Amino acid sequence: MFLYYVDLAWRSIKKTPVLSLLMVLAISIGIGITITTLNVYSMMSFNPAGERSDRLNAIQLWSQGVNSWDEYHSLVTYQDVMNLRQSGIPKAQAAMFRTGAAVQTDDPEFVPILRGIRVTDSGFFSLFSVPFLYGGAWDKSVDSDPQYQLVIGEKLNQSLFGGENSVGKTVYLNRKPYHVVGVIKEWNPQPKYYDPLNGAFNSAEQLFVPFSLTPIEEFDVWGNSSGWKFEPMTGYQSRLNSEKVWLEFWVDLPSEESRSAYRSFLSHYVEQQKQLNRFTDDKAAADSVQLSNVAEWLEMNNVVPEDNKILVGLSALFLCVCLVNILGLMLTKFLKRAPEVGVRRAIGASRGQIFAQYMVEVGVIGLFGGLLGLLWAWLALYSLSAKFDVADGLTNLSMSMWVITPSIAVGTALLAGLYPAWVVCRTKPSVYLKSQ
Amino acid sequence: MLNIKPILSTLMRSKSGPVLLLLQIILSVAIVANASFIIHERLGMMQRDSGIVESEILTFNMYNFDPSIDRVQQNQLDQQLLRNLPNVMAATSTNMLPLSGSGWSSTLNLGPDSETAQSTPQFAMYLGTEHTLETLGLKLIDGRNFYPDEINTSLTASGKLAIVSKALVDATWPNESALGKVLYEGEDTQITIIGVVEKLQGAWIDSGDLEYSVIQNVDWGGRSYLVRALPQHHAELKQAITDVMLKENPNRVIDDFQSIKAVKESSYRDHQLMVTVLSMMVVLLLLITSLGLTGMVMFNIQRRTKQIGTRRALGATKADILSLFLTENYIICVVGGVLGGGLAVLLGQQLMQHYDLPQLDLLYPIMTVLGLLLVTTVAVVLPARKAANISPAMATRSV
């Protein structure tokens with residue numbers, strides 16, 4: 008019966024090509040716009056940590072004085088990080104910031120290149136489930152006992168060493184030799200959740216060096232440093248001793264118990280610092296710490312821009328307009344065929360059958376509209392990435408859209424078809440038989 | 026003359042079609058009004074004058090990684106080399122790029138006691154040399170430029186001077202001359218204002234403090250350089266600069282050549298994107314609405330062929346028939362426009378509450394309704410002309 012209805016629908020569509028085309032166009036444009044904005048939105052609001060989202064926590068401290076910042080800063084001070092790193096509660100932990108240096112190899116022909124570098128702890132790699140191609144992270148002891156070791160990304164390994172196992176080789180950063188201990192497999196989480204502050208959709212760094220080298224090597228800070236009071240900066244040491252915030256600190260707390268244990272460790276720490284005349288604001292110690300899991304962290308750092316939310320809302324409204332539009336067109340079309348329905352009813356078709364027949368027709372139109380809409384969305388995303396340099400990760404039509412789009416399209420069409428089909432199935436056969 | 030009453034009663038008889046049309050118009054007005062408002066706001070942002078000669082300024086980064094060099098001397102030598110290059114009009118070091126979205130910002134106190142003193146609004150803190158004004162193409166409207174011997178090479182040196190933007194002067198000392206005024210950084214560090222430029226934007230285009238800028242007399246030897254040259258010379262200059270700099274000292278990486286115009290475009294790209302998507306939405310929405318309307322009118326004409334024929338037989342002119350359909354359309358449009366305008370304002374309030382958008386200007390719903398009247402007139406007249414051509418004979422033939 009279904010196939011018969013599909014056949015009827017196809018005939019009916021062919022009979023009124025212009026009106027049908029109008030309907031398909033209306034649906035497809037509505038769907039195209041909605042899917043385009045929805046796709047970008049879903050890519051931006053993606054949580055790369057997946058099920059580990061709750062265990063990974065970024066630490067924030069209310070280290071500012073009275074009457075200064077009225078919100079938590081996303082970054083923390085060097086002295087706090089050094090103190091918090093003493094705790095044994097987290098399964099893994101990592102302080103981090105971004106720097107950069109000129110990269111060279113033993114090859115004298117190699118033209119030095121300037122690259123961004125993540126300065127972090129060995130815990131970084133297990134925290135963020137970084138996959139290794141060769142070797143692994145530097146030893147945990149390096150976090151307290153600095154060694155000139157580094158981990159590089161697959162791409163950089165390709166350009167420096169032609170892609171071979173480079174563990175044990177030497178890379179020069181600003182002419183200082185570092186030993187490669189690990190090569191990361193292609194890894195580029197989008198959004199860049201471990202550091203959304205310096206461009207949430209920038210690529211992951213290709214170089215990682217031990218955080219413990221910071222006071223020795225005095226790495227430049229390629230990121231924000233903020234202070235809530237004036238502190239003269241006379242050298243790197245004054246930065247390390249200052250109240251300026253410039254570091255991110257992540258911990259892995261796998262269970263609820265470890266989270267509450269760590270929370271009390273933190274408030275105990277704040278208490279202690281208050282006695283040392285830091286954390287001078289009159290907030291209670293327990294309220295001066297904030298742990299944010301990945302989902303909260305992404306939300307807090309406004310990874311999804313407001314504009315994007317506005318666009319999704321407007322395009323949903325746009326789809327509503329399309330829905331009303333096809334509803335009108337559908338009603339027009341179905342009422343035109345009321346005489347035909349009259350005849351079918353007279354020779355025995357039930358109301359339910361008429362209703363089903365028209366719903367199938369609507370569904371077919373919706374499906375065409377959905378497929379065409381997918382094409383529009385693909386074209387729109389393609390031109391966006393070409394013209395506006397939007398990050399590639401955002402403009403790839405996600406696989407789920409191949410299912411979602413036709414569903415929304417058919418759903419919209421069926422919704423729009425309900426009323427017209429209902430009106431037409433209530434046609435009284437007598438009226439039309441009489442007038443023919 | 027317009028016979029509104031019989032038209033109204035026709036509309037009331039078969040409600041579903043007009044109601045749907047009404048609904049569509051209400052939604053369209055709400056969307057189009059808000060979208061065009063956002064578009065207008067963003068375009069306004071993009072057209073602001075930055076005060077600098079964006080397209081003539083070429084910037085690049087120079088990263089020295091030789092630990093043994095004397096950075097101060099190297100920096101001064103490098104700038105001299107830059108200025109000696111052919112076609113270079115001016116060149117200077119800088120700590121930040123205008124309109125780039127990253128840089129230094131600060132506030133300073135107006136008095137020595139940081140507890141009681143008032144402070145300036147947040148401003149962009151440029152560090153520059155006596156060549157900065159010429160390189161950026163800034164217009165000095167008061168006071169003077171730095172003298173060459175006043176340029177410091179570190180932030181902690183004494184004798185701090187500043188050239189500030191007029192907007193900052195107006196916000197800090199309304200109706201006063203800023204020359205000779207002193208700004209305090211902590212308790213002991215004083216910065217004296219020696220000049221005012223007409224306009225200089227900072228780095229953060231979405232900030233309310235974009236117009237507030239300060240240039241300090243510090244030759245920030247290090248990373249970023251600004252070179253002023255006509256745009257047609259930029260391509261050859263990129264090569265020339267790289268060659269000269271590497272010849273002088275090979276232990277450095279020179280990259281990120283771009284004009285400030287390109288920097289600006291990439292900063293405004295998200296707004297440009299928003300404008301493009303929203304404009305597309307507005308055009309498509311009007312298209313869909315008018316296509317829907319055309320379809321509906323066509324159907325109505327077919328259904329009312331006899332009625333129209335009878336009217337024509339009873340003496341209605343072609344113009345009467347046309348005005349019948351137009352009046353019908355206008356009634357729906359006006360009612361829809363008023364309701365839609367109300368919805369637009371509601372939507373605008375929601376947007377303003379949840380997002381960082383200003384209050385919707387009432388002009389936009391009104392303009393949208395006027396635009397809609399125009400578009401729908403076309404959408405109605407085209408099929409209605411056909412209706413007007415129905416001959417009176419049609420009415421009698423099939424009865």
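Going down the list, the sequences are from chains A and B.
Using the working numbering, read the first sequence as starting at 8 and increasing by one per residue.
Using the working numbering, read the second sequence as starting at 26 and increasing by one per residue.
Quick reminder that beta carbons are idealized off the backbone N, C-alpha and C, glycines included.
Here the structure is a predicted model, which means the values were calculated and not measured.
Taking only the alpha-carbon atoms, compute the straight-line gap between residue i and residue j and give it to the nearest angstrom.
i         : j         : result
Asn177(B) : Val243(B) : 5 Å
Leu46(B)  : His296(B) : 33 Å
Leu326(A) : Pro55(A)  : 29 Å
Gln244(A) : Gln165(A) : 37 Å
Ile6(B)   : Val207(B) : Outside the displayed range of chain B (26 to 424) lies residue 6(B), so it cannot be described from this structure.
Gly10(B)  : Pro137(B) : Absent from the structure is residue 10(B), since the part of chain B shown begins at 26 and ends at 424.
Pro312(A) : Phe148(B) : 24 Å
Trp194(A) : Lys162(A) : 10 Å
Asp268(B) : Glu224(A) : 30 Å
Trp229(A) : Glu66(B)  : 33 Å
Gln98(B)  : Val296(A) : 46 Å
Arg62(A)  : Gly169(A) : 37 Å
Thr419(A) : Leu378(A) : 13 Å
Ala323(A) : Ala423(A) : 15 Å
Asn332(A) : Lys199(A) : 41 Å
Phe237(A) : Gly246(B) : 23 Å
Val258(A) : Pro92(B)  : 35 Å
Would you say residue i and residue j are within 8 Å of each other, going by their C-beta atoms?
i         : j         : result
Gly380(A) : Ile34(A)  : yes
Phe341(A) : Pro427(A) : yes
Thr314(B) : Ser34(B)  : no
Arg277(B) : Tyr88(B)  : yes
Thr119(B) : Gly162(B) : no
Leu374(A) : Pro413(A) : yes
Ser474(B) : Met150(B) : A query on residue 474(B) cannot be resolved here, the shown segment of chain B reaching from 26 to 424 and no further.
Ile346(B) : Ile356(B) : no
Gly220(B) : Asp174(B) : no
Lys192(A) : Pro119(A) : no
Tyr389(B) : Ile317(A) : no
At which residues does the alpha helix (DSSP H) containing residue i begin and terminate?
i         : result
Ile188(B) : No alpha helix (DSSP H) contains Ile188(B), which is instead part of the beta strand (DSSP E) from 185-190.
Ser348(B) : 343-379
Ser245(A) : 243-248
Leu388(B) : 388-413
Thr335(B) : 330-338
Ile240(B) : Here Ile240(B) belongs to no alpha helix (DSSP H); instead the beta strand (DSSP E) covers 238-241.
Met114(B) : Counting along the chain, Met114(B) falls outside any alpha helix (DSSP H), and DSSP gives it neither H nor E.
Gln86(A)  : 85-91
Glu303(A) : 301-307
Val348(A) : 345-353
On the three-state DSSP scale, how would you describe residue i?
i         : result
Asn231(A) : coil
Leu260(A) : coil
Ser416(B) : coil
Cys432(A) : helix
Gln443(A) : Because Gln443(A) sits at a pLDDT of 47, beneath the cut-off of 50, its placement in the model cannot be relied upon, and the following sentence gives the value as read from the coordinates. Three-state DSSP puts Gln443(A) in coil, outside helix and strand.
Pro5(A)   : No answer is possible for residue 5(A): it lies beyond the span of chain A, which begins at 8 and ends at 443.
Thr157(B) : helix
Ala102(A) : strand
Phe171(B) : coil
Pro92(B)  : coil
Ala109(A) : strand
Gln282(A) : helix
Determine, for residue i, whether the minimum Cβ-Cβ distance to residues of chain D falls below 8 Å.
i         : result
Cys432(A) : No chain D appears in the structure shown, which is made up of the protein chains A and B.
Where do the N-terminal and C-terminal ends of the beta strand (DSSP E) with residue i fall, by residue?
i         : result
Gly175(A) : No beta strand (DSSP E) contains Gly175(A), which DSSP labels as neither H nor E.
Arg277(B) : 277-284
- Message: So if I threshold CB-CB distances at 8 Å, which residues from the stretch 108-137 of chain A count as touching chain B?
- Response: Ala108, Ala109, Pro119, Ile120, Leu121
- Query: Between the stretch 301-319 of chain A and chain B, which residues of the former have CB atoms less than 8 Å from a CB of the latter, in chain order?
  - Reply: Pro312, Glu313, Asp314, Lys316, Ile317, Leu318
- Closer than 9 Å, Cβ to any Cβ of chain A: which residues of the stretch 291-315 of chain B, in chain order? Ser291, Arg294, Asp295, His296, Gln297, Leu298, Met299, Thr301, Val302, Leu303, Met305, Met306, Leu309, Leu310, Leu312, Ile313, Thr314
- Item | chain A contacts from the stretch 350-365 of chain B (Cβ-Cβ distance under 8 Å) | none
- Query: Looking at chain B, which residues of the stretch 33-45 of chain A have a Cβ within less than 7 Å of any of its Cβ atoms?
  - Reply: Ala33, Ile36, Ile40
- Task: With 8 Å as the limit, tell me which residues of the stretch 176-190 of chain A have their beta carbon closer than that to any beta carbon of chain B; keep them in chain order.
- Result: Asn181, Arg182
- Message: So if I threshold CB-CB distances at 7 Å, which residues from the stretch 195-225 of chain B count as touching chain A?
- Response: Glu210, Gly211
- When you check each C-beta in the stretch 39-61 of chain B against every C-beta of chain A, which residues fall closer than 8 Å? Ser41, Gly42, Leu45, Leu46, Leu48, Gln49, Leu52, Ser53, Ala55, Ile56, Asn59, Ala60
- Query: Which residues, in order along the stretch 368-393 of chain B, keep a beta-carbon less than 7 Å from a beta-carbon of chain A?
  - Reply: Leu376, Tyr380, Asp381
- Task: Closer than 9 Å, Cβ to Cβ, to anything on chain B: give me those residues from the stretch 232-264 of chain A, in chain order.
- Result: Lys236, Phe237, Glu238, Pro239, Met240, Thr241
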